[in-house]
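Novice:
2 protein chains.
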Amino acid sequence: MSRVFNFSAGPAVLPEAVLAQAQAEMLDWNGCGMSVLEMSHREKHFASIAAQAEADLRELLDIPSHYKVLFLQGGAYSQFSMIPMNLLRGKARMDYVDTGDWSSKAIDEARRYGDVNVVASSSAGNYTSIPDQASWQCDPNAAYLHYTPNETIRGVEFGFVPDAGDVPLVADFSSTILSRPIDVSRFGLIYAGAQKNIGPAGLTIVIVREDLLGQTVPCTPVMFDYKVQADNGSMYNTPPTYAWYLAGLVFKWLKAQGGLSAMAAINERKASKLYTAIDGSDFYHCPVDLMCRSWMNIPFTLAKPALDKAFAAEAEQAGLVSLKGHRSVGGMRASLYNAMPEAGVDALIHFMQDFAQRNG
Amino acid sequence: MSRVFNFSAGPAVLPEAVLAQAQAEMLDWNGCGMSVLEMSHREKHFASIAAQAEADLRELLDIPSHYKVLFLQGGAYSQFSMIPMNLLRGKARMDYVDTGDWSSKAIDEARRYGDVNVVASSSAGNYTSIPDQASWQCDPNAAYLHYTPNETIRGVEFGFVPDAGDVPLVADFSSTILSRPIDVSRFGLIYAGAQKNIGPAGLTIVIVREDLLGQTVPCTPVMFDYKVQADNGSMYNTPPTYAWYLAGLVFKWLKAQGGLSAMAAINERKASKLYTAIDGSDFYHCPVDLMCRSWMNIPFTLAKPALDKAFAAEAEQAGLVSLKGHRSVGGMRASLYNAMPEAGVDALIHFMQDFAQRNG
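Read top to bottom, the protein sequences are chains D and S.
For the first sequence, the working numbering puts the final residue at 692, and the numbers step up evenly by one.
For the second sequence, the working numbering puts the final residue at 692, and the numbers step up evenly by one.
1. Quick one: complete beta strand (DSSP E) runs, 3+ long, within the region 458 to 542 of chain S?
2. Cβ closer than 8 Å: which chain S residues qualify as neighbours of D/Y568?
3. With DSSP collapsed to three states, give me the class of S/S453.
4. Using beta-carbon positions only, say whether S/L419 and S/Y476 come within less than 8 Å of one another.
5. Nearest-angstrom Cα distance between S/G365 and D/Y479?
6. My guess is that D/P532 and D/Q405 are in contact by the Cβ rule of under 8 Å, so how many angstroms apart are they, rounded?
7. Taking just the CA atoms, how far does S/R625 sit from D/G662?
8. Assign D/A438 to buried or exposed, taking buried as 16 or more other Cβ atoms, counted over all protein chains shown, within 10 Å of its Cβ.
9. Report all residues from its chain with a CB closer than 7 Å to the CB of S/Y445; omit the five preceding and five following residues, and keep chain order.
10. Please state whether DSSP places D/D394 in a helix, a strand or coil.
11. Going along chain D, which residues have a C-beta under 7 Å from S/S367?
12. Do D/A688 and D/Y607 have their C-beta atoms within less than 8 Å of each other?
13. Around the Cβ of S/G457, are there at least 16 other Cβ atoms within 10 angstroms (buried) or fewer (exposed)?
14. Just confirm the distance between the C-beta atoms of S/V538 and S/Y568, as a whole number of angstroms; I'd bet it's less than 8 Å.
15. Relative to the C-alpha of S/A603, which residue among S/A635, S/A666 and S/F403 is closest?
16. If the cut is a Cβ gap below 8 Å, which residues of chain D does S/R625 touch?
17. Between S/F336 and S/W361, what straight-line distance do the alpha-carbon atoms span, to the nearest angstrom?
18. So which residues on chain S does D/Y574 lean against when the C-beta distance must stay under 9 Å?
19. If you draw a straight line from the alpha carbon of D/H658 to that of D/A675, how long is it in whole angstroms?
20. Can you give the Cα-Cα distance for S/E375 and D/T431, rounded to whole angstroms?
21. Output the residue ranges of the alpha helix (DSSP H) runs that lie fully inside the region 602 to 670 of chain D and measure 4 residues or longer, sorted by chain position.
22. When the distance is taken between beta carbons, is S/E391 closer than 8 Å to S/S413?
23. S/H398 to S/D515, Cα distance in whole Å?
24. If you reduce the DSSP assignment to three classes, tell me which class D/D557 lands in.
25. Nearest CA to the CA of D/I485: which residue from D/V620, D/G497 and D/V677?
26. Checking 8 Å against the spacing of the C-beta atoms, do S/P631 and S/C618 come in under that value?
27. Going by beta carbon distance, what residues of the same chain come within less than 8 Å of S/D447, once the five residues before and after it are set aside?
28. Tell me, which residues are paired with S/N338 by DSSP?
29. Would you decide whether D/M623 is buried or exposed? Buried here means 16 or more other CB atoms lie within 10 Å of its CB.
30. Pull out every residue of the region 367 to 385 of chain S whose Cβ sits closer than 7 Å to any Cβ of chain D, in chain order.
31. Does any residue of chain S have a CB that is nearer than 8 Å to the CB of D/R335?
32. Report all residues from its chain with a CB closer than 7 Å to the CB of D/S736; omit the five preceding and five following residues, and keep chain order.
33. Is the Cβ-Cβ distance between S/E489 and S/D433 less than 8 Å?
34. Can you tell me which of S/L535, S/V560, S/P553 and S/N529 puts its alpha carbon nearest to the alpha carbon of S/L694?
35. Return the CA-CA distance between S/L351 and D/A575, expressed in angstroms with no decimal places.
36. If the cut is a Cβ gap below 8 Å, which residues of chain D does S/E441 touch?
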């Protein structure tokens, strides 16, 4: 069949141009007679791919030179452990903001390594808002302040970067990285599983300020030591080479789109269209506060939950797939990552209006 | 250019038929309208890919039902930590056999978690042999006995499976898995980074006996807990989906070749040809004892080390690439994994004979 519009929250849609290039190069990269999949990570071909990907990411996010960029494995879940293991640095307490499922998971894992201070939580409101920073109970002696700029499951996104004072700010950007510019200098550490807004599963990007490295807790596995990874250019052992290459193709594609300011304009327009369609209808409803609606993950419910199954099935027939909401929330969710074409959003809105008319 | 013969130790050559299928399916897997790279790991398409890959691997290795098969990230280096963290099970001491660079690295990392008893070492002989098991100083109360069936760097391979008695036997099969049948029931745990004899970097296969799971040391990151991974079908978080799919294509290809007995015959023939050519020449030399020469990684030196550079450069011109020995050893190394066609070995031998004639 022809290509569908894939609204999966991750792994997720990739730019068709990136897939086409990967396809063309599958048996022979750049005339070298082998696939990227077959290249030793210690030789010149892959070295050039790896270096170019890092340079392009640094350019896209304007990453200052005193930050290291790491290409790791293990997903955000591994970061949930690596962050306390590396950033506690002799301190006992860590500050966490709880705004949904992913921040809660980060908190649970951090508790294995020290005393977690939950500075604020939106759980009482079913995670549909962001607590006003004026109400946060931060500890000025905390090892770091952790938050989740975008909650993939419930579609809640911070419209601001928290002020952490002198405490290093740590952020899980898995589902919103590269969707708009970030001022990296505000952060101690940024991490992101690649399988949402970068591309391939099996790659995790970490951007970390150099001065925070080198003080792990004693039982830290060598692979979980940021300094070891940084000192070895993310090649202490064999990195996930093909995922690194694909991420590099996505970075090049983003540059060709005009970079992150251009992506921000497109992403805001795509999300606004869908929110407008939802809010303008009596049939659909988005539970998230107006002030913190995600550009990337848009949950919505139907007036008649009994129609959820029919909606998802008919949408799939129309080439609009993976719209079912997360199993913990129900309803629907449309993820509109960078690689989702605006035509996909238009097609979804058209389908939604037609479905509402037939079933309203 | 046309495809080269790639003798890299890993990441390494893949079967051309596998690459061609991956290429054909890159934008649309099985008519579903999306790439495997874009599939949610929670939905039906990837679920079928994942289950089929595991079933094919179980069939190839005849894995008993009381063993779990895990598809993880992080490479053998992560296993160096995960094994003591999971398998110590309240014991204080672990037995390790030291036969080369990779077993040494495993030993260094294990020392962070308990008392390592090196039962035997071939370091005095520069790691060119396997110590006779009669000389090993094993501890009957050890948590497990760890060894490295094939040392990728120096090309030393065990011709036998050690007798560990009631102590669980743990083996790093990274560079020899699937090259011949293994009696899995002899082992407590088998692990292998995929980037040598399976295919894609970024995937690690673990085969572990169920009764060994569930007793981690307190500081174990959740992602390093085998039981968590096993209870969640290796999908506690997003797995490396594309690498899992590619491994599945390799498993299908191996079945089409006739399975592991057929591969063993081919691998023995390929390796014998090259060893015969080396041993029959005054110009080339293999330092490894006859009794423990690897089928997969064949190191050799030139009579005049000053010619190493010319050898590697002229070989590359002839389409024979990645022959340079590991930086810690020097000389040359030819890795003859499953996916190396016999024609590649023939071409290498022809080149070696010609080079020797011109420079002898």
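No residue lacks a Cβ here, since even glycine has one placed at the ideal position from N, Cα and C.
Please read all numbers here as calculations on a predicted model, not as lab measurements.
Specialist: Concretely, from the data shown:
1. Taking only runs of at least 3 residues, the beta strand (DSSP E) segments lying wholly in the region 458 to 542 of chain S are 477 to 479, 501 to 504, 521 to 525 and 536 to 541.
2. Within the first sequence, numbered from 1, the residue matching residue 568 of chain D stands at position 236. Here the neighbours are Y409.
3. Position 121 of the second sequence holds residue 453 of chain S. Three-state DSSP puts S/S453 in a strand.
4. Residue 419 of chain S sits at position 87 when you count from the first residue of the second sequence. Residue 476 of chain S sits at position 144 when you count from the first residue of the second sequence. Result yes, Cβ atoms of S/L419 and S/Y476 sit closer than 8 Å.
5. As a position in the second sequence, residue 365 of chain S is number 33, starting the count at 1. As a position in the first sequence, residue 479 of chain D is number 147, starting the count at 1. Straight-line spacing of the CA atoms in S/G365 and D/Y479 works out to 36 Å.
6. For the purposes of this step, residue 532 of chain D is identified with residue 200 of the first sequence, where counting begins at 1. For the purposes of this step, residue 405 of chain D is identified with residue 73 of the first sequence, where counting begins at 1. Rounded, the Cβ-Cβ distance is 11 Å, inconsistent with contact.
7. Residue numbering aside, residue 662 of chain D sits at position 330 when the first sequence is read from its first letter. Residue numbering aside, residue 625 of chain S sits at position 293 when the second sequence is read from its first letter. Rounded to the nearest whole angstrom, the CA to CA distance from D/G662 to S/R625 is 58 Å.
8. In the first sequence, counting from the first residue as 1, residue 438 of chain D sits at position 106. Buried, by the Cβ-count rule.
9. Against the second sequence, residue 445 of chain S aligns to sequence position 113. Excluding five sequence positions before and after S/Y445, the CB atoms of its chain that fall closer than 7 Å to its own CB belong to P416, M417, L420 and V549, given in chain order.
10. Locating residue 394 of chain D in the first sequence gives position 62, where the first residue counts as 1. Shown here, D/D394 sits in coil according to DSSP, grouped into three states, outside any helix or strand.
11. Residue numbering aside, residue 367 of chain S sits at position 35 when the second sequence is read from its first letter. Under the 7 Å cutoff, chain D gives L346 and L351.
12. The residue given as residue 688 of chain D occupies position 356 in the first sequence. The residue given as residue 607 of chain D occupies position 275 in the first sequence. No.
13. Taking the first residue of the second sequence as 1, we reach residue 457 of chain S at position 125. When all chains shown are included, S/G457 counts as exposed.
14. In the second sequence, the residue the question calls residue 538 of chain S occupies position 206. In the second sequence, the residue the question calls residue 568 of chain S occupies position 236. Contact doesn't hold; Cβ gap of about 14 Å is too wide.
15. As a position in the second sequence, residue 603 of chain S is number 271, starting the count at 1. When only C-alpha atoms are compared, the closest one is S/A666.
16. The residue labelled residue 625 of chain S in the question sits at position 293 within the second sequence. Under the 8 Å cutoff, chain D gives no residues; its nearest Cβ is about 22 Å from S/R625.
17. Counted from its first residue, the second sequence places residue 336 of chain S at position 4. Counted from its first residue, the second sequence places residue 361 of chain S at position 29. Position check: residue 336 of chain S holds Val in this sequence, whereas Phe was assumed. Distance between the alpha carbons of S/V336 and S/W361: 28 Å.
18. Counting from 1 along the first sequence, the entry for residue 574 of chain D is found at position 242. Per Cβ cutoff of 9 Å: P343, P532, A533, G534, Y574, A575 and L578.
19. Taking the first sequence and counting its residues from 1, one reaches residue 658 of chain D at position 326. Taking the first sequence and counting its residues from 1, one reaches residue 675 of chain D at position 343. Rounded to the nearest angstrom, the two C-alpha atoms are 24 Å apart.
20. Counting from 1 along the second sequence, the entry for residue 375 of chain S is found at position 43. Counting from 1 along the first sequence, the entry for residue 431 of chain D is found at position 99. Straight-line spacing of the CA atoms in S/E375 and D/T431 works out to 26 Å.
21. Scanning the region 602 to 670 of chain D from its first residue to its last, the whole alpha helix (DSSP H) runs of 4-plus residues come out as 640 to 649.
22. For this step, residue 413 of chain S is matched to residue 81 along the second sequence. For this step, residue 391 of chain S is matched to residue 59 along the second sequence. The Cβ-Cβ distance between S/S413 and S/E391 does not fall below 8 Å.
23. Within the second sequence, the letter at position 66 stands for residue 398 of chain S. Within the second sequence, the letter at position 183 stands for residue 515 of chain S. In a straight line, the C-alpha of S/H398 is about 14 Å away from that of S/D515.
24. Taking the first sequence and counting its residues from 1, one reaches residue 557 of chain D at position 225. In this structure, D/D557 counts as coil in the three-state DSSP scheme.
25. Translated into the one-based positions of the first sequence, residue 485 of chain D becomes position 153. Taking only the C-alpha atoms, the option nearest D/I485 is D/V620.
26. The residue given as residue 631 of chain S occupies position 299 in the second sequence. The residue given as residue 618 of chain S occupies position 286 in the second sequence. A contact, by the Cβ cut-off of 8 Å.
27. Here the question's residue 447 of chain S lines up with position 115 in the second sequence. So the qualifying residues of the chain are A424, R425 and M426.
28. Working through the second sequence from its first residue, we reach residue 338 of chain S at position 6. DSSP lists S/V653 as the beta-bridge partner residues of S/N338.
29. The count along the first sequence starts at 1 and reaches residue 623 of chain D at position 291. If you draw a 10 Å sphere on the C-beta of D/M623, you find fewer than 16 other C-beta atoms in it, and that means exposed.
30. Shown in chain order are the members of the region 367 to 385 of chain S whose Cβ falls below 7 Å from a Cβ of chain D: S367, L369, E370, M371, S372, H373 and E375.
31. The count along the first sequence starts at 1 and reaches residue 335 of chain D at position 3. Taking Cβ atoms only, chain S reaches closer than 8 Å to D/R335, which makes this a yes.
32. The requested residue 736 of chain D does not occur in the structure, where chain D is confined to residues 333 to 692.
33. Taking the first residue of the second sequence as position 1, residue 489 of chain S is located at position 157. Taking the first residue of the second sequence as position 1, residue 433 of chain S is located at position 101. S/D433 sits away from S/E489, with the two beta carbons spaced by 8 Å or more.
34. Within the shown structure, residues of chain S are numbered from 333 to 692, placing residue 694 of chain S beyond reach of any answer.
35. Residue 351 of chain S sits at position 19 when you count from the first residue of the second sequence. Residue 575 of chain D sits at position 243 when you count from the first residue of the first sequence. Distance between S/L351 and D/A575, taken at the CA atoms: about 16 Å.
36. As a first step, residue 441 of chain S is located in the second sequence; it is residue number 109 there, counting from the start. Within chain D, the residues near S/E441 are P553 and V554.
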